[in-house]
Every structure is written in C-alpha cells, then in structure tokens.
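S.K.: The sequence shown begins at 8 in the numbering used here and counts up one residue at a time. Backbone N, C-alpha and C fix where the C-beta goes; we use that ideal spot for every residue, glycine too.
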Amino acid sequence: MSNCLAFRNGRGLALLCALLGSLWDPGTGQIRYSVREELDKGSFVGNLSKDLGLEPRELAQRGVRIVSRGRAQLFSLNPGSGGLVTAGRIDREELCAQSARCLLHFNVLIEDKLKIFEVEVDITDINDNAPSFPTDELEIKIGELTVPGTRFPLKTAFDPDVGTNSLQNYKLSPTDYFSLVVNTASDGAKYPELVLERSLDRETKAVHQLDLTASDGGDPVRSGALCIQVIVVDANDNPPVFTQPEYHVSVLESVPVGTRLITVNATDPDEGFNAQVSYILDKMPGKIAQVFQLNSATGDISILKSLDYEEAMSYEIKIEAQDGPGLFSRAKVLVTVLDVNDNAPEVTIASLTGAVPEEAAAGSEIALINVHDRDSGQNGQVSIFVLGNLPFNLEKSIGQYYRLVTAGSLDREQVSQYNISLRATDGGTPPLSTETRITLQVTDINDNPPTFTPASYSAYIPENNPRGASVFCVTAQDPDSEDNARITYSLTDDTLQGVPLSSYITINSNTGVLYALQSFDYERFRELQLVVTASDSGKPPLSSNASLLLFLVDQNDNAPEILYPVVPTDGSTCVELAPRSAEPGYLVTKVVAVDRDSGQNAWLSYRLLKASEPGLFTVGLHTGEVRTARALLDRDALKQSLVVAVQDHGQPPLSATVTLTIAVADSIPDVLADLGSVQTSSEPRDADLTLYLVVAVAVVSCVFLAFVIALLALRLRRWHAVRLLRASSSGLAGAPASHLVGVAGVQAFLQTYSQEVSVTADSRQSHLIFPQPNYADTLISQESCEKSEPLMGPQELLETKGGLEVFGVSYLLFFFFLSIMLVRVF
8 MSNCLAFRNG RGLALLCALL GSLWDPGTGQ IRYSVREELD KGSFVGNLSK DLGLEPRELA
68 QRGVRIVSRG RAQLFSLNPG SGGLVTAGRI DREELCAQSA RCLLHFNVLI EDKLKIFEVE
128 VDITDINDNA PSFPTDELEI KIGELTVPGT RFPLKTAFDP DVGTNSLQNY KLSPTDYFSL
188 VVNTASDGAK YPELVLERSL DRETKAVHQL DLTASDGGDP VRSGALCIQV IVVDANDNPP
248 VFTQPEYHVS VLESVPVGTR LITVNATDPD EGFNAQVSYI LDKMPGKIAQ VFQLNSATGD
308 ISILKSLDYE EAMSYEIKIE AQDGPGLFSR AKVLVTVLDV NDNAPEVTIA SLTGAVPEEA
368 AAGSEIALIN VHDRDSGQNG QVSIFVLGNL PFNLEKSIGQ YYRLVTAGSL DREQVSQYNI
428 SLRATDGGTP PLSTETRITL QVTDINDNPP TFTPASYSAY IPENNPRGAS VFCVTAQDPD
488 SEDNARITYS LTDDTLQGVP LSSYITINSN TGVLYALQSF DYERFRELQL VVTASDSGKP
548 PLSSNASLLL FLVDQNDNAP EILYPVVPTD GSTCVELAPR SAEPGYLVTK VVAVDRDSGQ
608 NAWLSYRLLK ASEPGLFTVG LHTGEVRTAR ALLDRDALKQ SLVVAVQDHG QPPLSATVTL
668 TIAVADSIPD VLADLGSVQT SSEPRDADLT LYLVVAVAVV SCVFLAFVIA LLALRLRRWH
728 AVRLLRASSS GLAGAPASHL VGVAGVQAFL QTYSQEVSVT ADSRQSHLIF PQPNYADTLI
788 SQESCEKSEP LMGPQELLET KGGLEVFGVS YLLFFFFLSI MLVRVF
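Here it is as structure tokens:
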C-alpha cells in the first residue's frame, strides 16, 4: 500500500492524499484502495490492471468491467493506463454521513474467465465542511436571581466531517458575566454550556450579547459562529427536565404513516408561565425532520414518511423541552428500524454465453449469475435453482455469484433452444421470489447422416421415353441444420450390359430428381438397378444409400414379324401346293409370326385380308393355319393368291401382311403341264412378245402359210411336252399325285414331306417340294427350302424365256423365207 502525505503550502489548502496503493489477497480475491473525497473526475485511485495481473491493453480484450449495484457509478476504468479512476466528485458526507469509516464495495468482472474480484475503496475525509449552528441567533433568558455558577446549555454546532476535521472546540467571546464550559459525552459529542460567573443585575444591563464560535481541527481550521442574546428576567430559575435522557424504541419498517412511536415528557418545577413546557425537534442533518413529526404540546413522535430498513436501520432524534421563559433541556430518542421481508431477491446476469455447441461436455459454463436481497438476516438469505427438468445445474461461485453449467450432453435435433427459467427465493416469511429467463441456443454439429424413407424405391417407366425426361425423385432427410443438412445426391457407379449406368440415368445433385439420358427399349432390358447416395455438406460429410429399382413398361412399338413363309430375296415367288382332292379343313400351310413386345402387345391374331377365290380358304384366328374351307373344284384356278394379315392387340394395334401363292393340282405331271401357263400369267411381257411374233407371221404370210405354220407349231409343242413328261417321270417315279408342288421359287408348308426336287431352266430355278413322313404340321427350314437339284440338262433351254424367244424368232424367219420361195414358184 502506498501513502500520500498531506503538505502545507502557506495559508493554502490542505491536500490530503489517501492511500492510493492496493492490497491483493489471493485467498479472498479482494482488492483494497484508499482515496480522499472531493477529487476531480478522472483522478487516479489505483493500478487495477497490475493488481489483476493484466496488461492495460488486455482489459478491453478480456471484457474487464465494473459491476456495481444500487447506486450511481462512482469509479471507472482508464483503458489507456489500466488504472481505476473516479467517475465524478465523491462526497463522503453524502455517502456515509458521520460514520467513522466510509468503505465502498463493488465488483470487477473478467468476462472471458467468468471471474469476479471484490474491490473495497476507503473514502477518506477532508475538511470541506465548517461547523454550523442550527440557527444564527440564540436568545437566553436568565433570571436575575440566578446563582453564579449556574450553567445554561447552548446550541451545539454540527460538522459533517469526521475525525480531526469534525467539531473540536467552542470559544466564547470575552465577557465578565459568563464563561464557557464544554462537556464531552460518552459518544464523544461536545456540548457547550454557558456558565454564569457573576450575578446579573437587570437594572444595570438587561441584555448581554455574546458570540459562540465552533471550530474544527482541520488544516486550515474552519469555524462557525452563533450570536447569543442573554435577556435577564426574573424568577425563572429552573429549566424543564426530561424523565430520561435517552428514549429507545423499535419499529417495523412496514408500519403505516402516522403511527405514533413514543411520547417524551419533561417537567418544570416552576409555576405559571415559567412552567409551561413546549417540545421542539432539534434540527439535525439529513432527512429526520422529513421522516418524523413531534407534537410540541404533547411530546408525541409519529411517522411522516414510510420507513425503509434498506435506507436507514436506525435514527437518532434530538428533542428540546423549553419552558415559557425560554429555559430548555435536551433528550435523545433512538429509533431502531426492524427489517421485514419486503424486498424480493434481485437476479443479475453478470455474463452470458448465448449459444453452446451440442457436443459440449457436462460442466460447460453458460452464464455467471449474481443474486442479492436488500433485506437482512433470514430475509436476505437467497437460494436459487433451475425450474423444470432441464439439463443444467447451478454451481456456487464467490459471494453471491453462481455459475450456470450444463449437466450433460445436449442434442440440437431434439431441442434446439432452451428457455431456462431461474427462480431465486429468500428465507423470509412469507418467502419472496424472482424469476429470470435465459435463452440458450444449441449450435449444430454434423452428427446425423441423411436418411431415406423408405430405404428402397421401385418405379415403373414406359419405354421409348423422351431423352431428358424425369423418371423419378428420391428424397433424403437430415435433421441437422445449415451446411450439415444441405444434401447432395449422386449415383453409385455400376454397369448394365457392359455400359456404365451413368450413360442411361443421371440425377440432379440438389433435388434428387432422376433424368433419363436415353430412350429405353423394353426389348433390350426390362429393369435398372441403381444405388443413390445422399451426402450432406458437413465436415466431415456423412452419407447413406438407397436402392432404386426401375421397371420398364412395354409399349406396342414393334409390329408383328412374319417368320414363315419367308419372302425370298432372289426375286422368286413362294408357292404352296394343295391337291385338288383336298377335303374341307385340309391344312395347306401355316403363317408363323412373332412380336418382340410382351403381354397384350404380343398377342397375335390372323385373318384373311384378300383372296383371289373368296370362300376357298380360311385362316385360323390364333394359329395362322391356312386350311381349305371347301372341296376344290375343277373350275378353281390353278394358282390362288391369298393376303394374310397378322395384327397384335396393342394400343394402337400394329400389323403385318404376307402374300401366299397356292398352286392347285391333282398330280405332279399336271403341275408340270401347267407350268407354262403359270409362268405366262406371271410374265405378261412374254405373252406380248409372242403376240407380236404371231402378228408379224400373219402379216408376211398368207392364210395358207399361216395354217401351215400353225400346224407346225402345234406339232412342235406336243413334241416338247412329251420330252418334259419323260424327264419328270424318270425322276419322280412313285410320287403321290396328291402332294403339293412349288414352282418358280416356291417354299411349301406340307403335312408330310418325302424329298426335294429342283428344276432349273435358263438360270431360273423351280423348286418342287415333296412331303416327308413324320413331320406333320411343321415348317420347312429355310435351308431345305433353298436346296435345289437339276432335273434337265442345260441344252434344253426351251422352258426359259430366252429359249422361247429364240425359238419364235427362228420359226418366224423360216416361215418368212418359205413364203417368199412359194410366191416365186407359183
């Protein structure tokens, strides 16, 4: 502790610098300073930063501040020097009245460590007040018969200073009749008394003027004066006397205004006017005259204003009893105010952490709380606790400070904000309580992965979907917040038929919507198995997976495909054979078709769309079998043409058609005999050429020559037919006449098959297909349909179109030259 001594400077002002050093007690956490009153604002009190063990610049950084309660801020912190300075002029008399010591207490809070230090400042007195009397003048009436040596109490002066600066002495102006005696009471108070030294003679001097000076012990000395006027009267030689010099009374602070506290009584042995006693409330400093009222006639003391134990615990009332002539005596009334529980506890949040992470361990500090009750004794004993079943505890700190801490781990996903209610209750009867609410936010950590509900999905997608179309949407939930709940979606790498799934499906990373990158084909694959991953944006990120099964739904996008009969690619015509002896219902052939779609889109039905001979053939609706509807007649054409339509049951339905050529004959020779007509009908261009040749022969030949030529042509044709019959008879001996024969690229569907024969003429192939046993109602393979074996040698070219043309031209020239020769001869 450092002391600053007072110095004298001539007549000047006595500067008393109290102790400016500080005491630091590590055990109690208390800092003490001393400062004199009436210093200017900003005057240095003590080096607080040093006593706290901090650098001046750390005061603001660590949140060091003064916490005071119940009065104006008297001190402040100098952030530059780190010192404690006055916040204004300090008047010790206003703060502590005439108390021997004036100690001010307040707390210093270090917010970042949640530490509290008690600071005690001793306000030392300076001689800033001069002694003063209640009145400027005092009139004393003294009987002339008064015995010398009689003492007369005088008005006392009052000096609000303390110690040596308070009232020290009284001095009376020089006089022959009076002297001054100063008495000291047990409490140290000095009471002046005027002593009559000589008998008074009213006829000599009726009034005596005296000056009473009161001085203190300050440096410089201050004083106050009282003008005393002594009036000499007759016969009143006894002042009033109180029944007791001190009166004591105790009263509850809650008593109503107007209540009578006590009655004082003084008696005067004189008679008449000299014995008429009146009571006067001696003027005292402070607010006593505003709190109590004295009835001058009866001596009753009553309350003018409500009492407050917290403002004043006791009062000292000085009363004078004065008789008619003016003699008086004094008495004191000591009023003790008893406390009642009229103040609820005060709860102050000294420091608060507004948010706490959910991973915070038990015992994490949230707030520093101060509780105080202005009452005393049991009424001022305060207990505080947390309301409700909340995971928080209160721990005792120094003094009336408590630390609010967590009692366990917190979970933001269950409770993101706590409204903590604290209740402070005193020990009075009845007890008073105060509630304070603290709002605490629980900050999030990434402790929850995104979750899918459900964990697996399935969806149906029609095939032939447009590219870029959304096919499905998955959603994951994350109970965390902000970045910890920001979800991104992705697809796990996988392949389908050797192709990465990412070429078929993509996903919007923000919305979870899946889009098709291709148009799906049900006929290629029927389902897609995907794994969707949802990841949050926390650190570290958490993720979860969900399986997604996409089923393709078939659409009718494929028309029926006809497998049989196969349309030849070499320009030939497929011909089916039917014997003329076939009965109704005879299976001629069967149309076989398939549809690449599925379900209803692949259900096929067959119908006869067109026929050269209506009513001759029927087609099975579901089998595609071509059967005879009636028996074949001789008038039925050798070649029958059928158009069969195959249609599925899709919406809309798709269809395909196939044209069947059916040759009708009883035997193979009949078929061979009619091959020319079949080919002639199938090649109208050859018929036209023959017609031109005939017309040319008719023009250049006469009727005779035409007859001869026609006769020769008939001969030649019969000869040619005999040759063909012989060749066929040699290769087809024993073949049943009822079998079907295909000509000019015919592929036949037969009930039974025995062998295959191929006839080739002029690079044109004619297929003769015969039934073979044990293969009823089956299709001939394409390989067997394409087999061919030559029946005739290459030198017999008359069957072909080229052979007919050469033959016709040769005969035409021959007849032409013959006609010319006959004309010349005749």
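So the beta strand (DSSP E) K122 belongs to, where does it begin and stop?
M.R.: As a first step, residue 122 must be located in the sequence shown, where it is residue number 115. That run of the beta strand (DSSP E) goes 122–131.
S.K.: When the Cα atoms are used, what is the spatial distance from R614 to H727?
M.R.: Numbered from 1 along the sequence shown, position 607 holds the residue referred to as residue 614. Numbered from 1 along the sequence shown, position 720 holds the residue referred to as residue 727. Computed Cα separation, rounded: 43 Å.
S.K.: For G49, which residues of its own chain have a beta-carbon under 6 Å away from its beta-carbon, when the five flanking residues on both sides are left out?
M.R.: Residue mapping note: residue 49 aligns to position 42 of the sequence shown, counting from 1. V92.
S.K.: Which of helix, strand or coil does DSSP assign to V574?
M.R.: Position 567 of the sequence shown holds residue 574. Three-state result, V574: coil.
S.K.: In angstroms with no decimal places, state the Cα-to-Cα distance between F624 and S612.
M.R.: Taking the sequence shown and counting its residues from 1, the one referred to as residue 624 is at position 617. Taking the sequence shown and counting its residues from 1, the one referred to as residue 612 is at position 605. C-alpha separation (whole angstroms): 17 Å.
S.K.: Which same chain residues, not among the five before or five after M843, have their C-beta less than 7 Å away from its C-beta?
M.R.: A question about residue 843 goes unanswered here, because the residues of the chain that appear run from 8 up to 833.
S.K.: What residue ranges within the segment 211–298 form continuous beta strand (DSSP E) runs of no fewer than 3 residues, ordered along the chain?
M.R.: Qualifying beta strand (DSSP E) stretches, in chain order: 214–223, 230–240, 253–259, 267–270, 285–288.
S.K.: Let's see if you can read the secondary structure: which residues bound the beta strand (DSSP E) around C103?
M.R.: Taking the sequence shown and counting its residues from 1, the one referred to as residue 103 is at position 96. Looking at the DSSP string, C103 is not in any beta strand (DSSP E); the run it does join, the alpha helix (DSSP H), is 99–103.
S.K.: Near V248, what residues of its chain come up, given a Cβ to Cβ distance below 7 Å and the 5 sequence neighbours on each side ignored?
M.R.: As a working mapping, residue 248 is identified with position 241 in the sequence shown. So the qualifying residues of the chain are A273, T274, S336.
S.K.: With burial defined as no fewer than 16 other Cβ atoms inside 10 Å of the residue's Cβ, what is the status of L757: buried or exposed?
M.R.: Within the sequence shown, residue 757 is the residue found at index 750, counting from 1. Because L757 sits at a pLDDT of 33, beneath the cut-off of 50, its placement in the model cannot be relied upon, and the following sentence gives the value as read from the coordinates. It counts as buried.
S.K.: Mark R634 as exposed unless 16 or more other C-beta atoms lie within 10 angstroms of its C-beta, in which case mark it buried.
M.R.: To locate residue 634, count along the sequence shown from 1; it is residue 627. R634 is buried by the Cβ-count criterion.
S.K.: Does the distance from the C-beta atom of Y286 to that of T266 stay below 9 Å?
M.R.: Your numbering for residue 286 matches position 279 in the sequence shown. Your numbering for residue 266 matches position 259 in the sequence shown. Against a cut-off of 9 Å, the Cβ pair of T266 and Y286 comes out as no contact.
S.K.: Would you say V671 and L712 are within 9 Å of each other, going by their C-beta atoms?
M.R.: The residue given as residue 671 occupies position 664 in the sequence shown. The residue given as residue 712 occupies position 705 in the sequence shown. No, they are not a contact pair.
S.K.: Is P473 near the ligand FMN - that is, is its Cβ less than 8 Å away from at least one heavy atom of it?
M.R.: Summarising the ligand content, the structure contains no ligands, and the ligand FMN is consequently not present.
S.K.: Within this structure, are the beta carbons of S371 and V412 separated by less than 9 Å?
M.R.: Counted from its first residue, the sequence shown places residue 371 at position 364. Counted from its first residue, the sequence shown places residue 412 at position 405. Contact flag set, yes.
S.K.: Measure how close the beta-carbons of G606 and D564 come, nearest whole angstrom, since I'm counting them as under 8 Å.
M.R.: In the sequence shown, counting from the first residue as 1, residue 606 sits at position 599. In the sequence shown, counting from the first residue as 1, residue 564 sits at position 557. In fact, because the Cβ distance is near 13 Å, the residues do not count as touching under 8 Å.
S.K.: Using 9 Å as the threshold, is the C-beta distance between L417 and E365 below it?
M.R.: Numbered from 1 along the sequence shown, position 410 holds the residue referred to as residue 417. Numbered from 1 along the sequence shown, position 358 holds the residue referred to as residue 365. Yes. Within cutoff.
S.K.: If you count every other CB in all the chains shown that lies within 10 Å of the CB of F532, and 16 or more means buried, which is it?
M.R.: Residue 532 sits at position 525 when you count from the first residue of the sequence shown. By the neighbour-count rule (16 or more Cβ atoms within 10 Å), F532 is not buried but exposed.
S.K.: Just the C-alpha distance for N114 and V126, rounded to the nearest angstrom, thanks.
M.R.: Here residue 114 refers to the residue found at position 107 of the sequence shown. Here residue 126 refers to the residue found at position 119 of the sequence shown. N114 and V126: Cα-Cα distance of roughly 6 Å.
S.K.: Pop quiz: D433 and D490 are said to be a contact at Cβ under 8 Å. What is the actual Cβ separation, rounded to whole angstroms?
M.R.: Translated into positions along the sequence shown, residue 433 becomes position 426. Translated into positions along the sequence shown, residue 490 becomes position 483. Actually they are not in contact, since the Cβ atoms of D433 and D490 sit about 48 Å apart, beyond 8 Å.
S.K.: Does the count of Cβ pairs from the segment 102–113 and the segment 177–197 closer than 8 Å reach three?
M.R.: Too few Cβ pairs lie closer than 8 Å, so no.
S.K.: Do you know offhand how far R493's Cα is from R474's?
M.R.: Locating residue 493 in the sequence shown gives position 486, where the first residue counts as 1. Locating residue 474 in the sequence shown gives position 467, where the first residue counts as 1. Rounded to the nearest angstrom, the two C-alpha atoms are 29 Å apart.
S.K.: Identify, in the order they occur along the chain, each residue of the same chain with its Cβ nearer than 6 Å to the Cβ of T630, setting aside the five sequence neighbours on each side.
M.R.: To locate residue 630, count along the sequence shown from 1; it is residue 623. Cβ neighbours of T630 beyond the five flanking positions: none.
S.K.: Within the same chain, show all residues whose beta-carbon is closer than 7 Å to that of A740, passing over the 5 residues directly before and after it, in chain order.
M.R.: Here residue 740 refers to the residue found at position 733 of the sequence shown. For A740, the predicted structure reports a pLDDT of 38, less than 50, and the residue's modelled location is therefore unreliable. A value from the coordinates is still provided. Contacts found: none.
S.K.: Hey, would you say T513 sits closer than 9 Å to L535, going by beta carbons?
M.R.: Along the sequence shown, one-based indexing puts residue 513 at 506. Along the sequence shown, one-based indexing puts residue 535 at 528. Taking 9 Å as the Cβ cut-off, T513 and L535 do not qualify as a contacting pair.
S.K.: Would you kindly work out how many angstroms separate the C-alpha atoms of S765 and V582, rounded to a whole number?
M.R.: Locating residue 765 in the sequence shown gives position 758, counting from the first residue. Locating residue 582 in the sequence shown gives position 575, counting from the first residue. Reliability of the predicted coordinates at S765 is poor, the pLDDT of 34 falling under 50, and the value obtained from them is presented with this limitation in mind. If you take the alpha carbons of S765 and V582, they lie about 14 Å apart.
S.K.: Please classify L719: does DSSP put it in a helix, a strand, or coil?
M.R.: The sequence position of residue 719 within the sequence shown is 712, counting from 1. Residue state, collapsed to three classes: helix.
S.K.: In whole angstroms, what is the alpha-carbon distance linking G279 and L203?
M.R.: Translated into positions along the sequence shown, residue 279 becomes position 272. Translated into positions along the sequence shown, residue 203 becomes position 196. The straight-line gap from Cα to Cα measures roughly 24 Å.
S.K.: Among A369, V240, Q424, N453, which one has its Cα closest to the Cα of E402?
M.R.: As a first step, residue 402 must be located in the sequence shown, where it is residue number 395. Of A369, V240, Q424, N453, the residue nearest in Cα terms is A369.
S.K.: Within a Cβ cutoff of 6 Å, which residues of the same chain sit near E812, ignoring the five residues on either side of it in sequence?
M.R.: Looking up residue 812 in the sequence shown gives position 805. Any reading at E812 must be qualified, since the residue scores a pLDDT of 46, below 50, and its modelled position is unreliable; the value itself is stated next. Closer than 6 Å at the Cβ level, and outside the excluded window around E812, lies no residue.
S.K.: Can you give the Cα-Cα distance for A636 and A466, rounded to whole angstroms?
M.R.: Reading the sequence shown from its first residue, position 629 is the one you call residue 636. Reading the sequence shown from its first residue, position 459 is the one you call residue 466. Those two C-alpha atoms are separated by around 50 Å.
S.K.: Could you compute how far the alpha carbon of V839 sits from the alpha carbon of S510?
M.R.: This structure leaves residue 839 out entirely; the chain is present only between 8 and 833.
S.K.: Do V239 and A221 have their C-beta atoms closer together than 9 Å?
M.R.: Walking along the sequence shown from the start, residue 239 turns up at place 232. Walking along the sequence shown from the start, residue 221 turns up at place 214. Not a contact, by the Cβ cut-off of 9 Å.
S.K.: Where do the N-terminal and C-terminal ends of the alpha helix (DSSP H) with Q175 fall, by residue?
M.R.: For this step, residue 175 is matched to residue 168 along the sequence shown. Element bounds for Q175: not the alpha helix (DSSP H) but the beta strand (DSSP E), 174–179.
S.K.: If distances are taken between C-alpha atoms only, which option among L121, I235, E200, D168 comes closest to T142?
M.R.: Walking along the sequence shown from the start, residue 142 turns up at place 135. Nearest of L121, I235, E200, D168 to T142, Cα basis: I235.
S.K.: Using CA atoms only, rank isn't needed, just tell me which of N377, D223, L81 is closest to T171.
M.R.: Translated into positions along the sequence shown, residue 171 becomes position 164. Answer by Cα proximity: D223.
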